[in-house]
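Worksheet: the structure to be examined is printed underneath.
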Ligand code: X8Z
Ligand code: ZN
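Residue numbers (my numbering): 6 to 636.
Now the structure itself:
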């Protein structure tokens, strides 16, 4: 469940390289390498870090190296300062912490933009690969860039701040009570009353129409910023972060989605039939698209909450992890300790004492905080922390592993140069903890004493269905979010068509539809955090592909011969050592090198997912026989 309840925030503040959605969410929520709220000042107070140039002295490779070294030093110092300011804000939201965070973010952004623009002096030089790579990282890592035009960055900052805080403080009055996103989400997850589901689904979307025109203006300014940095538009800039041309990366995404689409269609077909049985033809017809509010999640991005409706009847009873955690009287800290225990079992050094002293593991009672789970690296060394409002349930048990994955990655690459202190790409960062989560199998739960007996093979369908509702259902959602956004950022979708394009993109890829015709002023994308928060979403799509590749490779290294979904790498030091090698590389090498180091392949590929879910797909195909699938 999304736990985004930011009372206010300063949108799109810069965070430097400790970044990724996982890290350093400054007050803008999921963090960016750097964003350009700030003006690119032609008269920056800080001198350019490069060796002084005169008009008739050509720059050299040595100059470029000196420039980058100085830039990294400057950024490293600023990033620690900014991280501490942001942490303060995110764990104690007040007027003052917001103001300080805004200022730190603005300063950081100005620095990042100035340094990125400063690399233009080296264009045309035949730079060694490592330097060219660092310059590329510096240039393309700015999520929402501003041009240096007087006032543009200020205007952009104002808009992004407003967008973000509008989302964060959004409420909807339902049955006389103002409900926030957490409370509305709970209804969507648990209610089985279609009228209530529709009211709440539509209700949450009343927070976003006000965002639409500001969003359009933001796109306009950001594209000017991208142009100044040498990019066609912001979409291309985002797609330039994958060690290949943006067009090639787009083609990669299409290829991967093409691999997964047939699998998704089987799941869609089966779930639609079950919902039809549950709700009847009036509410959910047996053909066509699925009503989005019936899927157990505010954005229909994960369907695990309707497992009870779609559970395969033939499957034996499995276990309910939430009940087990409750029965065993776990508390939030205990869940994090259990997560740490998994990483320790792989031979990865335990978390520092300061992690336990400084993390926010549960929601404080006495102040406003940003509850959306994140993992932070405060000093580029050992000061790693998570910030969660952990609840004792299965979902948060997985989230704990997800966040710890970010923290262990951060610590593993801490000795890389500053611009290489990052994931091999952003999808890697998102995939680490989820990869470990795939090893939370019955055998693992038994070995840590959470269950007494492993469920029999007859329970496999149920186990796989549960995972598919989480992982397979998510793929076309993640693909849709940035498909929509690329269209907008490229200027292909005019503002009047924003909402229709969003509805159509999701209809096409996910086969879902709103419960009723949307109002003319709707801006539904604004009701999903990552749109007003300007967090690129492709990372999650890639992560959901990569985590299965990691899992398959790890299980092969472990000599596992059974079905992939029963494989756990718990306690396997050899696999752990190889995994840590990949983590230690950070962003120092192109991502295919990191991928190859662990999996032996240089390509992202959906065949591991297909193999993992093969038994379920056989079942789904069987069940779907005679049904007209698709929409
Ligand atoms: O935003 C997140 C994480 C932060 S990295 C909590 N996720 C996406 C979402 O909630 O929409 C994780 C899965 C997808
Ligand atoms: Zn994450």
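Glycine is no exception: its CB is placed at the ideal position from the N, C-alpha and C atoms.
May I ask you to verify whether the stretch 472 to 485 touches the stretch 266 to 283, counting CB pairs closer than 8 Å and requiring at least 3? Yes: the two stretches touch, three or more of their Cβ pairs being nearer than 8 Å.
Could you pull the DSSP bridge partners for residue 382 from this structure? In the DSSP output, where bridge partners are listed per residue, residue 382 has 389.
Own chain partners of residue 43 with C-beta closer than 6 Å, once the 5 adjacent residues on each side are dropped: For residue 43, the pLDDT reaches just 24, beneath the cut-off of 50, and the residue's location in the model is therefore unreliable, leaving the point undetermined.
Determine the direct distance from the alpha carbon of residue 89 to that of residue 383, and round the result to whole angstroms. It is roughly 6 Å from the alpha-carbon of residue 383 to the alpha-carbon of residue 89.
According to DSSP, is residue 177 helix, strand or coil? Under the three-state reduction of DSSP, residue 177 is assigned to strand.
Cβ-heavy atom distance, residue 247 to ligand 1, below 6 Å: Because no heavy atom of ligand 1 lies under 6 Å away, the Cβ of residue 247 does not count as near it: no.
Residue 552 burial status per 10 Å Cβ neighbour count (16 or more: buried): By the neighbour-count rule (16 or more Cβ atoms within 10 Å), residue 552 is buried.
Going by Cα to Cα distance, which pick from 450, 235 and 284 is closest to residue 333? The shortest Cα separation from residue 333 among 450, 235 and 284 belongs to 450.
Take every Cβ of the stretch 138 to 151, pair it with every Cβ of the stretch 175 to 182, and state whether three or more of those distances are shorter than 8 Å. No contact exists between the stretch 138 to 151 and the stretch 175 to 182.
Are the stretch 419 to 436 and the stretch 577 to 596 touching by the rule of at least three beta carbon pairs closer than 8 Å? The stretch 419 to 436 is in contact with the stretch 577 to 596.
Residue 182, DSSP secondary structure in three states: DSSP places residue 182 in strand when its eight states are reduced to three.
On the DSSP letters alone, give me the boundaries of the alpha helix (DSSP H) that residue 88 sits inside. Start and end: 66 to 95.
Quick one: give me the first and last residue of the alpha helix (DSSP H) that residue 509 is part of. Annotation: the continuous alpha helix (DSSP H) that includes residue 509 extends over 503 to 515.
Between the beta-carbon of residue 354 and the beta-carbon of residue 389, is there less than 7 Å? In this structure, residue 389 does not lie closer than 7 Å to residue 354 by Cβ.
Please name the residue or residues paired with residue 306 in a DSSP beta bridge. The partner list for residue 306 (beta bridge, DSSP) is empty, contrary to what the question assumes.
Is there at least one non-hydrogen atom of ligand 1 closer than 6 Å to the beta-carbon of residue 473? Result no, Cβ not under 6 Å from ligand 1.
Under 7 Å between C-beta atoms, does residue 589 make it to chain C? The question asks about chain C, but that chain is absent: this structure has only one protein chain.
Which one or two residues does DSSP pair with residue 295 in a beta bridge? Assignment of beta-bridge partners to residue 295 by DSSP yields 517.
Residue range of the alpha helix (DSSP H) that residue 560 falls in? Start and end: 543 to 562.
Helix, strand or coil for residue 3, going by three-state DSSP, please let me know. Residue 3 falls outside the range modelled here, since the chain spans only 6 to 636, and no answer is possible.
Report yes if the CB atom of residue 586 is closer than 7 Å to the CB atom of residue 602, and no otherwise. A contact, by the Cβ cut-off of 7 Å.
Find out if the Cβ-Cβ distance for the pair residue 475, residue 309 is shorter than 7 Å. In this structure, residue 309 lies closer than 7 Å to residue 475 by Cβ.
How close, in whole Å, do the beta carbons of residue 504 and residue 523 come, if the pair is a contact with beta carbons under 8 Å? Right, the Cβ-Cβ distance comes to about 6 Å (below 8 Å), so this counts as a contact.
N-terminal and C-terminal residue of the alpha helix (DSSP H) that residue 436 is part of: It spans 431 to 442 - the alpha helix (DSSP H) in which residue 436 sits, taken as one unbroken run.
Measuring CA to CA, which of 580, 138, 624 and 555 is closest to residue 467? Put simply, of 580, 138, 624 and 555 the residue whose alpha carbon is nearest the alpha carbon of residue 467 is 624.
Close Cβ partners of residue 391 (< 6 Å) along its chain, the five nearest in sequence each way excluded: Sequence-distant partners of residue 391 (beyond 5 residues in either direction) whose C-beta falls short of 6 Å from its own C-beta, in its chain, are 364, 380 and 408.
Would you check if the stretch 488 to 498 and the stretch 229 to 239 touch, i.e. whether three or more CB-CB distances between them fall below 8 Å? Yes, the stretch 229 to 239 touches the stretch 488 to 498.
Extent of the continuous alpha helix (DSSP H) to which residue 616 belongs: Counting along the chain, the alpha helix (DSSP H) containing residue 616 begins and ends at 612 to 629.
Considering Cα atoms alone, identify which of 283, 156 and 297 is closest to residue 202. The shortest C-alpha to C-alpha distance from residue 202 to any of 283, 156 and 297 is the one to 297.
What would DSSP say about residue 365, mapped onto helix, strand or coil? Strand.
Pair within 7 Å by beta-carbon distance, residue 274 and residue 518: No, these two residues do not count as a Cβ contact at 7 Å.
Selected residue, minimal CA-CA separation from residue 317, among 621, 635, 634 and 630: Of all alpha-carbon atoms in 621, 635, 634 and 630, the one lying nearest the alpha-carbon of residue 317 is that of 621.
In chain order, what residues of the same chain have a beta carbon less than 7 Å from the beta carbon of residue 619, not counting five sequence neighbours either side? Here residue 619 has no same chain residue with a Cβ atom under 7 Å from its own Cβ, once five neighbours each way along the sequence are excluded.
Own chain residues within Cβ distance below 7 Å of residue 595, not counting five before or after: Closer than 7 Å at Cβ, skipping near neighbours: 248.
By DSSP, does residue 485 sit in helix, in strand, or in coil? Of the three classes helix, strand and coil, the one that applies to residue 485 here is helix, per DSSP.
Hey, residue 420 and residue 77 are a contact pair by Cβ (cut 8 Å); roughly how many whole angstroms apart? Rounded, the Cβ-Cβ distance is 13 Å, inconsistent with contact.
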